[in-house]
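This report refers to the structure that appears directly beneath it.
2 protein chains.
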Amino acid sequence: MKLQKETKVDERPRKHGKWYADACGTAFALELIGERWSLLIVRELMLGPRRFSEVRASLPGISAKVLTERLESLEEAGVLTRRKLPSPASVQVYELTEWGYLAEPAIQELGRWAARSPSHDPTLPLSPVSMMLSMRTMIDHQAAASFDAKVGLFIGEDRFIARLEGGMMPIERASEDESVEIAFHAPLPSTLAAMFYGKVPFAELEAHAGLVIEGDRALAERFVALFELPPKVG
Amino acid sequence: MKLQKETKVDERPRKHGKWYADACGTAFALELIGERWSLLIVRELMLGPRRFSEVRASLPGISAKVLTERLESLEEAGVLTRRKLPSPASVQVYELTEWGYLAEPAIQELGRWAARSPSHDPTLPLSPVSMMLSMRTMIDHQAAASFDAKVGLFIGEDRFIARLEGGMMPIERASEDESVEIAFHAPLPSTLAAMFYGKVPFAELEAHAGLVIEGDRALAERFVALFELPPKVG
DNA sequence: CAGAATCCCATTCGATACTG
DNA sequence: CAGTATCGAATGGGATTCTG
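Residue numbers (the numbering used here), protein chains in the order written: chain A, 337 to 570; chain B, 337 to 570.
If you want it as structure tokens, here you go:
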């Protein structure tokens, strides 16, 4: 109960709604997720609930303080909720709200746009979740329409399943040892990036990057061919 | 030439690429346009080149300093260029690059998403450009496919022409007294918002909000019916 | 591990004044 | 009009410490 600080009368201190007085939806979006790190936190939760330390580990450079603050304001904005997992686990996780999950197209469009910049550097590290989301962004829906498959994408400890069907490709964290038609095991997200976007041949990545492919290789080739980075401008 | 400041060795001070070390396109987008005000500046240029003072006037609360800084970093990022208009005018304007114009879908998706928030307040002021962009966002492309028209949208001093054709609706600033099939004159952007999104009847806005409609009113009704805000979540 | 609380410096912002 | 210069205040955010 500190009562000092008489230099400012503190009329409506902050909470969102402070930055831009603008009815434009874009401006309002920026009030909600326009602070540094906010949108990347949303991105990390896009494929399911995560714990504080998991989010922090995926965001190189964020401090505990800032992550705490951002999680608070995102919760307040209704983008995510904090939830206590059932009994035995009993661990706290952060999960997007229904509306929070609807931010995916916006995240994708931003990524698609930035990827077309002449100055985008794709050699930096990448989180497993952002690699998965980029695949959902860059998939050729036309070509994928005639391709049904269940594909395992295993990056280090992170295990995902992509269900390709009718041109759509939802991705979830793999519950357990689910059966898949093809499985890609990679030590790092960037290995998959080299394969899907760099079109580096399987053999090379298997020899030098620790890639392991299970299942029909011709099918794997067809799957990889579904993904392509948008053309640069200029 | 101040040479003090030995407290920091200043290795690679800034320039974009500083914030997030992340190959994810979304993260890179945030490096480029994630600073406060940046994306709104891009928005204001989305319908054509503008002068410093015009941008400033559309962004309530931005200071000259910050606008100058943002224009510089956006130019550096390749999002916009500064250009001197031909001879008689000889005035400086800022214009998006080809790639800068490609940001529109990202801006739209952010706006569409935010508009679905339960806490979005649509009663705040709105710039003419953001009203126009929102119309491009909220148009029902299905319904618009069978509707060809040239529509004038005149907000105070700002004059726009929307060319509805094949479900698309490019909007440009009106060059002069171009002929249109319908024209809406409104003193404020919010008047149009009330009409297109609030579905306030023409008569009421004509009586109390200074709305003036030229052309076939039945056609105008059909046109207005093409626009609708996305449903709130919840 | 998840976070709250402090400390404290660097950066950023906005207001104002000034200039070509 | 289109910025530049300066200054004080607010904010940001990293590091560290503490707690359940």
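Glycine residues also receive a C-beta, built at the ideal position from the N, C-alpha and C atoms.
- prompt: Can you give the beta carbon distance from A/P646 to B/A357, rounded, assuming they're within the 8 Å contact cut?
  reply: The requested residue 646 of chain A is not part of the displayed model; chain A covers only 337 to 570.
message: Does B/P349 come out as helix, strand or coil in the three-state DSSP assignment?
response: At B/P349 the pLDDT is 35, less than 50, meaning the model places this residue with poor confidence; the figure from the coordinates comes in the next sentence. In the structure shown, B/P349 sits in coil (DSSP, three-state: anything other than H, G, I, E or B).
field: Min CB distance B/I443 to chain A below 8 Å
entry: Closer than 8 Å to some Cβ of chain A, the Cβ of B/I443 qualifies, so yes.
message: I need the DSSP call for B/R379, collapsed to helix, strand or coil.
response: Three-state DSSP puts B/R379 in a helix.
field: chain A contact residues for B/P506, given Cβ-Cβ distances below 8 Å
entry: Annotation: B/P506 has no Cβ neighbours in chain A at a cutoff of 8 Å; minimum Cβ distance is about 19 Å.
message: I want to verify the contact list: residues of chain A whose CB lies under 8 Å from the CB of B/P461, in sequence order.
response: Those are A357, D358, A359, listed as they occur along chain A.
message: Once the 5 residues before and after B/K568 are set aside, which same chain residues still bring their CB inside 6 Å of it?
response: Excluding sequence neighbours, B/K568 sits near R452, P454.
- prompt: Which residues in the same chain as B/S466 place their Cβ atom closer than 7 Å to its Cβ, once the five residues preceding and following it in sequence are excluded?
  reply: Cβ neighbours of B/S466 within its own chain (closer than 7 Å, five residues either side excluded): R379.
- request: Just the chain A side, please: which residues come within less than 8 Å of B/G414 by C-beta, in chain order?
  value: The contact set of B/G414 on chain A, defined by CB atoms closer than 8 Å, consists of S453, P454, S455 in chain order.
- prompt: Between the beta-carbon of B/S526 and the beta-carbon of B/L469, is there less than 8 Å?
  reply: Result no, Cβ atoms of B/S526 and B/L469 do not sit closer than 8 Å.
message: Along the chain, where does the beta strand (DSSP E) containing A/A539 start, and where does it finish?
response: Counting along the chain, A/A539 falls outside any beta strand (DSSP E), though it belongs to the alpha helix (DSSP H) covering 538–544.
query: DSSP state of A/E493, grouped into three classes?
result: Reduced to three states, the DSSP call for A/E493 is coil.
- request: Run the CB neighbour count on A/V427, radius 10 Å, all protein chains shown included, and call it buried at 16 or more, exposed below.
  value: Around the beta carbon of A/V427, fewer than 16 other beta carbons sit within 10 angstroms, so the residue counts as exposed.
Bridge-paired residues (DSSP) for A/T417: For A/T417, which the question treats as bridged, DSSP gives the partners A/E431.
query: Which value, in whole angstroms, describes the spacing of the CA atoms of A/S409 and A/K354?
result: Those two C-alpha atoms are separated by around 13 Å.
field: Of the listed residues B/F538, B/G546, B/P566, B/L562, nearest to B/R553 (C-alpha basis)
entry: When each option's Cα is compared against that of B/R553, the closest is B/F538.
- prompt: With 8 Å set as the bound, which would you pick, yes or no: does the beta-carbon of B/S399 sit closer than that to a beta-carbon of chain A?
  reply: So no, B/S399 is outside the interface.
field: A/E445 classed as buried or exposed, judged by whether at least 16 other C-beta atoms fall within 10 angstroms
entry: A/E445 should be labelled buried.
- prompt: For B/M337, which three-state DSSP category applies?
  reply: Unreliable positioning characterises B/M337 in this predicted model, as indicated by a pLDDT of 32, which lies under 50. A coordinate reading is not provided.
message: Let's test the definition: count the other Cβ atoms within 10 Å of the Cβ of A/A561 and tell me whether it reaches 16, buried, or not, exposed.
response: It is exposed - the Cβ of A/A561 has fewer than 16 other Cβ atoms within 10 Å.
task: Would you please state the rounded distance, in angstroms, between the beta carbons of B/A485 and B/I518? I believe it to be under 8 Å.
output: The pair is a contact, with the Cβ atoms about 7 Å apart (cut-off 8 Å).
message: With H, G and I counted as helix, E and B as strand and the rest as coil, what does DSSP make of B/I443?
response: DSSP, reduced to helix, strand and coil, places B/I443 within a helical segment of the structure shown.
message: Taking 8 Å as the threshold (beta carbon to beta carbon), is A/S389 in contact with chain B?
response: No - not a single Cβ of chain B is within 8 Å of the one on A/S389.
task: For A/A439, return the contacting residues in chain B, with the cut-off set at a CB-CB distance below 7 Å.
output: Under a criterion of Cβ atoms nearer than 7 Å, the residues of chain B adjacent to A/A439 are, in order, W449.
field: 8 Å Cβ cutoff, B/D560 in contact with chain A
entry: Rather than Asp, the amino acid found at residue 560 of chain B in this sequence is Val. Closer than 8 Å to the CB of B/V560 there is not a single CB belonging to chain A.
Classification of B/M504 by the beta-carbon crowding that lies within 10 angstroms, buried from 16 upward: With fewer than 16 other Cβ atoms from the protein chains shown falling within 10 Å of its own Cβ, B/M504 counts as exposed.
task: Can you have a look at A/P422 and say buried or exposed, based on whether 16 or more other CB atoms are within 10 angstroms of its CB?
output: Counting Cβ neighbours within 10 Å, A/P422 comes out exposed, since fewer than 16 surround it.
- prompt: How big is the Cα-Cα spacing for A/R419 and A/E431?
  reply: Each residue's Cα considered, the two are about 7 Å apart.
query: Is the Cβ of A/P523 closer than 8 Å to any Cβ of chain B?
result: Not closer than 8 Å to any Cβ of chain B, the Cβ of A/P523 fails to qualify, so no.
task: Tell whether a beta-carbon distance below 8 Å holds between A/I369 and A/V415.
output: Result yes, Cβ atoms of A/I369 and A/V415 sit closer than 8 Å.
query: Considering B/H477, what are the terminal residues of the alpha helix (DSSP H) in which it resides?
result: Here the alpha helix (DSSP H) through B/H477 covers 477–480.
Inter-residue Cα distance where the pair is B/T417 and A/T362: Taking the straight line joining both Cα atoms gives about 23 Å.
message: Pull the bridge partners of A/V548 from the DSSP assignment, please.
response: Answer is A/H521.
query: Is it buried or exposed for B/T473, if we count other Cβ within 10 angstroms and need 16 for buried?
result: Around the beta carbon of B/T473, a 10 Å sphere encloses 16 or more other beta carbons of the protein chains shown; the residue is thus reported as buried.
message: In this structure, how does DSSP classify A/F563 when only helix, strand and coil are distinguished?
response: Strand.
- prompt: Of the choices B/A413, B/G502, B/I497, whose alpha-carbon is the least far from that of B/H521?
  reply: That would be B/I497, whose Cα lies nearest to the Cα of B/H521.
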